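One line per chain: the protein sequences are L and G, in this order.
In terms of the working numbering, the first sequence opens at residue 1 and continues consecutively.
In terms of the working numbering, the second sequence opens at residue 1 and continues consecutively.
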Amino acid sequence: ETGVTQTPRHLVMGMTNKKSLKCEQHLGHNAMYWYKQSAKKPLELMFVYNFKEQTENNSVPSRFSPECPNSSHLFLHLHTLQPEDSALYLCASSLGGAWGYQPQHFGDGTRLSIL
Amino acid sequence: QKEVEQNSGPLSVPEGAIASLNCTYSDRGSQSFFWYRQYSGKSPELIMSIYSNGDKEDGRFTAQLNKASQYVSLLIRDSQPSDSATYLCAASLEAGNNRKLIWGLGTSLAVNP
């Protein structure tokens, strides 16, 4: 098993659909992250879960809803997305605790396209 | 606004040369710095971390940190075509009530055979 696994790798959805992105880490980490990566923009931190508690919501629209049932799994539930939400969505993990100082390990990402 | 700045490039070097990538950051209190490599269509991969002033070497890679001047650099010796990628700099900066990793835009490196 690779360290951080994301599914699906590619997702095409209409603006009225509901879908979920899944992330699983096998590194024994306690912090997990969702990032959005768009062309010509820096990585945008969306959400942070530290020991299963959400510690960061970076002003993300409510059409993105995260869920972290345990330290190994992270979901991003999507509904009524907009075309500008098309991007690469990356999951990452780190040791946890003082997460703001730690290196993060990334999954391969989900390439999301909104029609 | 806390920032990490990188020259977007592209930086083009011949095979076997030294590639030098630079990054500046805005927060004097920053303590953790990371370099990631991202191939086109792939996710970022951690290649170096540095926490103290000076140089840190790992194989062909050397990270250099100068906190007084607020810059961190990455040197790649004996550059290979397989090093062609975008290199992302990240720094632990104070943002709001938290300290978090802030990312640069990345520098595109092309190593020419």
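Backbone N, C-alpha and C fix where the C-beta goes; we use that ideal spot for every residue, glycine too.
Since the structure is predicted, the reported quantities are computational estimates derived from the model, not experimental observations.
1) What first and last residue would you give for the beta strand (DSSP E) that runs through G/Ser-92?
2) Run down chain L in chain order and give the residues with a C-beta less than 7 Å from the C-beta of G/Phe-114.
3) Measure from the C-beta of G/Lys-100 to each C-beta in chain L and report whether the shortest distance is under 7 Å.
4) Under a three-way DSSP split, which group does G/Ser-82 fall into?
5) Whole-angstrom Cβ separation of G/Val-111 and G/Asp-78, contact assumed at under 8 Å?
6) So which residues of chain G does L/Glu-56 contact, with C-beta pairs closer than 8 Å?
7) Residues of chain L with CB under 8 Å from G/Pro-44, in chain order?
8) Which runs of the beta strand (DSSP E) spanning at least 3 residues fall entirely within the stretch 57 to 100 of chain L, listed in chain order?
9) Within 7 Å of any Cβ in chain L, is that where the Cβ of G/Leu-21 sits?
10) Going by C-alpha distance, which of L/Met-32, L/Thr-5, L/Glu-24 is nearest L/Leu-95?
11) Name, in chain order, the residues that DSSP records as bridge partners for L/Ala-31.
12) Taking the beta strand (DSSP E) that G/Asp-27 falls in, what are its first and last residues?
13) Applying the criterion that 16 or more other CB atoms from any shown protein chain within 10 Å of the CB defines a buried residue, is G/Val-72 buried or exposed?
14) May I ask you to report which of helix, strand or coil DSSP gives L/Leu-43?
15) Which residues in the same chain have their Cβ closer than 8 Å to the Cβ of L/Glu-44, if we skip the five residues on either side of it in sequence?
16) By the DSSP assignment, the beta strand (DSSP E) with G/Arg-37 in it spans what residues?
17) Which word fits L/Pro-42, buried or exposed, when buried means at least 16 other C-beta atoms lie within 10 angstroms of its C-beta?
Inspection of the coordinates gives the following:
1) 85 to 95 is the extent of the beta strand (DSSP E) around G/Ser-92.
2) Residue 114 of chain G is absent from the model: chain G starts at 1 and stops at 113.
3) Judged by the 7 Å Cβ criterion, G/Lys-100 is in contact with chain L.
4) DSSP places G/Ser-82 within a helical segment (H, G or I) once states are collapsed to three.
5) Going by Cβ atoms, the distance from G/Val-111 to G/Asp-78 rounds to 10 Å, so no, they are not a contact pair.
6) Under the 8 Å cutoff, chain G gives Asn-98, Lys-100.
7) Result: Leu-43, Leu-90, Phe-106.
8) Scanning the stretch 57 to 100 of chain L for uninterrupted beta strand (DSSP E) segments of 3 residues or longer gives 64 to 70, 73 to 79, 87 to 94, listed from N- to C-terminal end.
9) With 7 Å as the cut-off, G/Leu-21 does not count as an interface residue toward chain L.
10) Comparing Cα-Cα distances from L/Leu-95 to each of L/Met-32, L/Thr-5, L/Glu-24, the minimum goes to L/Met-32.
11) L/Ala-31 is bridged to L/Asn-50, L/Ser-94.
12) Premise fails: G/Asp-27 is in no beta strand (DSSP E) and is neither H nor E.
13) Sixteen is the threshold: when 16 or more other Cβ atoms of the shown chains lie within 10 Å of the Cβ of G/Val-72, as they do, the residue is buried.
14) The answer is coil: DSSP assigns L/Leu-43 none of H, G, I, E or B.
15) Annotation for L/Glu-44: Tyr-35, Lys-36, Gln-37, Ser-38, Asn-58 place their beta carbon closer than 8 Å to its own, counting only its chain and skipping 5 residues before and after.
16) Where G/Arg-37 is concerned, the enclosing beta strand (DSSP E) stretches over 33 to 38.
17) Flag for L/Pro-42 reads buried.
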